[in-house]
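Q: Residue numbers (this note's numbering), protein chains in the order written: chain A, 30 to 200; chain B, 30 to 200. Cβ coordinates follow ideal geometry from the N, Cα and C atoms, glycine included. Structure incoming, see below.
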């Protein structure tokens with residue numbers, strides 16, 4: 030089989046999106062082409078600027094400018110579904126060597142689309158594309174399908190000491 | 030206090046150095062200056078190329094071209110001690126906004142230097158420098174000192190399925 034591997038970074042600790050950014054950087058450094066899709070998120074994160082520095086790196090957001098805390102709106106659902114459609118097309122083609130589905134697990138948790146839809150998208154992907162999935166609450170069906178799963182476990186977190194997210198560190 | 034925060038990425042799972050690369054990328058995107066020191070490692074990793082793309086990013090290795098499996102050699106110890114000295118100087122100055130001490134925990138595990146030496150280096154750091162420490166086996170004294178600690182826990186790993194490290198993905 031020459032399907033690329035599926036990596037999942039999940040858990041309640043920090044470092045999931047960060048690890049996805051790191052693996053993207055490493056891939057770009059090795060001459061690979063990376064598509065970084067961010068579900069749920071539509072905020073002005075520092076990482077959006079990475080396109081200014083990295084060749085063969087694209088980042089797109091499929092969320093609104095705020096987190097979903099309770100019930101997702103119709104707009105959240107439409108944005109996420111459109112994002113999954115775009116990522117599905119990208120995964121079917123061979124234009125990218127690595128595709129990141131950032132916060133996909135959280136989109137699934139909020140039922141913005143179903144795990145069956147995601148599995149179909151993953152199964153239909155072209156050969157040799159590395160897929161990176163992040164977000165807490167990774168569903169068991171995706172874990173079963175993945176080749177590598179890391180749980181980021183929070184041992185200590187300074188948010189709890191009253192420091193909020195800082196530009197260029199957490200966001 | 031305006032000391033920068035100390036982050037630790039530890040545990041047996043994948044994503045520790047990768048997260049450190051990601052947080053470095055994010056920092057650079059926010060206009061910050063990053064020094065990335067790699068202990069133990071002296072191999073030709075893809076991330077060494079990041080200097081070609083990222084402004085204000087430096088990476089240096091303080092290890093030999095192979096991992097330490099058993100007893101470290103005199104050469105390993107000298108390289109690590111020299112690395113700690115260099116990082117100590119960098120941390121004392123205000124030239125960088127973020128300093129990564131990659132695999133520092135592993136260097137401690139192999140007793141290439143002592144945890145007391147590391148604590149002294151950290152205590153003597155200038156204000157407002159974010160410190161990122163990676164590697165399995167983070168000693169309790171460093172965990173106590175840190176502001177944020179994430180354990181990367183291996184849930185599933187394809188090395189075990191017989192695939193070795195691939196350029197631009199793991200190395």
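(1) What three-state label does DSSP hand residue 102 of chain B in the structure shown?
(2) Closer than 6 angstroms by C-beta to residue 117 of chain B: which residues in its own chain qualify, once you throw out the five before and the five after it? Chain order, please.
(3) Less than 8 angstroms between the CB atoms is what I'm expecting for residue 19 of chain A and residue 68 of chain A, so what's the real figure, rounded?
(4) So if DSSP puts residue 135 of chain B in a beta bridge, which residue, or which two residues, is it bridged to?
(5) Measuring straight from C-alpha to C-alpha, what distance separates residue 171 of chain B and residue 111 of chain A?
(6) Mind pulling the chain B residues with CB within less than 8 angstroms of residue 75 of chain A?
(7) Residue 78 of chain A and residue 61 of chain A look like a contact to me (Cβ under 8 angstroms); what is the Cβ gap, rounded to whole Å?
(8) For the beta strand (DSSP E) that residue 52 of chain B lies in, which residues bound it at each end?
(9) Could you tell me how far apart the beta carbons of residue 93 of chain A and residue 104 of chain A are, in whole angstroms, since I believe they sit closer than 8 angstroms?
(10) Between the beta-carbon of residue 33 of chain A and the beta-carbon of residue 127 of chain A, is there less than 9 angstroms?
(11) Measure the beta-carbon distance from residue 163 of chain B to residue 49 of chain B and round it to whole angstroms, keeping in mind my assumption that it falls under 8 angstroms.
(12) Where does residue 120 of chain B sit, in a helix, a strand or coil, going by DSSP?
(13) Note down, in chain order, each residue of its chain lying with its Cβ closer than 6 angstroms to the Cβ of residue 154 of chain B, except the 5 sequence neighbours on either side.
(14) Cβ of residue 126 of chain B versus every heavy atom of the ligand ZN: is any distance shorter than 8 angstroms?
(15) Confirm, please, whether the CB-CB distance from residue 161 of chain B to residue 53 of chain B is below 9 angstroms.
(16) Whose C-beta lies closer than 6 angstroms to the C-beta of residue 83 of chain B among residues of the same chain, with five residues either side of it excluded?
(17) Looking at the unbroken beta strand (DSSP E) that takes in residue 87 of chain A, where does it start and where does it end?
(18) Using CA coordinates, which residue listed in B/31, B/39 and B/35 is at the minimum distance from residue 168 of chain B?
(19) Taking Cβ positions, are residue 113 of chain B and residue 136 of chain B nearer each other than 9 angstroms?
(20) Can you find a C-beta in chain A that's less than 9 angstroms from the C-beta of residue 175 of chain B?
(21) Whose Cβ in chain A lies nearer than 7 angstroms to the Cβ of residue 50 of chain B?
(22) Please confirm whether residue 181 of chain B has its beta-carbon closer than 9 angstroms to some beta-carbon of chain A.
(23) Quick one, which residues of the region 150-165 of chain B are near chain A if we go by CB-CB under 8 angstroms, in chain order?
(24) Three-state secondary structure (DSSP) at residue 152 of chain B?
(25) Report buried or exposed for residue 225 of chain A, applying the criterion of at least 16 other Cβ atoms within 10 angstroms of its Cβ.
(26) Let me confirm a value: residue 166 of chain A is counted as buried when at least 16 other C-beta atoms fall within 10 Å, else exposed. Which label applies?
(27) I believe residue 181 of chain B touches residue 70 of chain B by the beta-carbon criterion, under 8 angstroms. Please report the beta-carbon distance rounded to the nearest angstrom.
(28) Could you tell me whether the Cβ of residue 184 of chain A comes closer than 9 angstroms to any Cβ of chain B?
(29) Roughly how many angstroms lie between the CA atoms of residue 64 of chain B and residue 81 of chain B, to the nearest whole one?
(30) Let me see if you follow: with CB-CB separation under 9 angstroms, is residue 102 of chain A close to chain B or not?
(31) Quick check on DSSP: helix, strand or coil for residue 169 of chain A?
(32) Using DSSP bridges, identify the partner residues of residue 36 of chain A.
(33) Whose CA, out of B/115, B/87 and B/177, lies closest to the CA of residue 201 of chain B?
(34) Between which two residues does the beta strand (DSSP E) holding residue 80 of chain A run?
(35) To the nearest angstrom, how far is the alpha carbon of residue 142 of chain B from that of residue 129 of chain B?
A: Reading it off the structure:
(1) In the structure shown, residue 102 of chain B sits in coil (DSSP, three-state: anything other than H, G, I, E or B).
(2) Answer for residue 117 of chain B: 150, listed in chain order.
(3) In this structure chain A extends from 30 to 200, so residue 19 of chain A is not present and cannot be described.
(4) Per DSSP, none; premise fails for residue 135 of chain B.
(5) When rounded, the distance between both Cα atoms is 45 angstroms.
(6) Those within 8 angstroms of residue 75 of chain A in chain B are 55, 56, 58 and 59.
(7) Not quite, the Cβ-Cβ distance comes to about 20 angstroms (not below 8 angstroms), so this is no contact.
(8) It is not in any beta strand (DSSP E) - residue 52 of chain B instead sits in the alpha helix (DSSP H) that spans 45-58.
(9) At roughly 6 angstroms, the Cβ-Cβ gap stays under 8 angstroms, so residue 93 of chain A and residue 104 of chain A are in contact.
(10) Judged by their CB atoms, residue 33 of chain A and residue 127 of chain A are nearer to each other than the 9 angstroms cut-off.
(11) Your pair residue 163 of chain B and residue 49 of chain B checks out as a contact, with CB atoms roughly 5 angstroms apart and the cut at 8 angstroms.
(12) In the three-state reduction of the DSSP assignment, residue 120 of chain B falls in the helix class.
(13) The residues are 120.
(14) Judged by which ligands are present, the structure shown has none, so any question about the ligand ZN falls away.
(15) Closer than 9 angstroms, so yes.
(16) Excluding residues up to 5 positions away in sequence, 57 lie with their Cβ nearer than 6 angstroms to the Cβ of residue 83 of chain B in the same chain.
(17) Start and end: 86-93.
(18) The shortest Cα separation from residue 168 of chain B among B/31, B/39 and B/35 belongs to B/39.
(19) For residue 113 of chain B and residue 136 of chain B, yes; Cβs fall inside 9 angstroms.
(20) Closer than 9 angstroms to some Cβ of chain A, the Cβ of residue 175 of chain B qualifies, so yes.
(21) 51, 54 and 55, listed in chain order.
(22) At least one chain A Cβ lies under 9 angstroms of residue 181 of chain B.
(23) Taking 8 angstroms as the Cβ-Cβ cut-off against chain A, the residues of the region 150-165 of chain B that qualify are 159.
(24) It is helical.
(25) Absent from the structure is residue 225 of chain A, since the part of chain A shown begins at 30 and ends at 200.
(26) Under this definition residue 166 of chain A is an exposed residue.
(27) With 8 angstroms as the limit, residue 181 of chain B and residue 70 of chain B do not qualify as a contact, their Cβ atoms being about 17 angstroms apart.
(28) Output row for residue 184 of chain A: interface = yes.
(29) In this structure, the alpha-carbon of residue 64 of chain B lies about 14 angstroms from that of residue 81 of chain B.
(30) Interface with chain B (9 angstroms Cβ-Cβ cutoff): residue 102 of chain A is excluded.
(31) In the structure shown, residue 169 of chain A sits in a helix (DSSP, three-state: H, G or I).
(32) Bridge partners of residue 36 of chain A: A/161 and A/177.
(33) This structure cannot settle anything about residue 201 of chain B, because the visible part of chain B is limited to 30 through 200.
(34) Residue 80 of chain A -> not in any beta strand (DSSP E); alpha helix (DSSP H) instead, spanning 79-82.
(35) Their Cα atoms are separated by approximately 17 angstroms.
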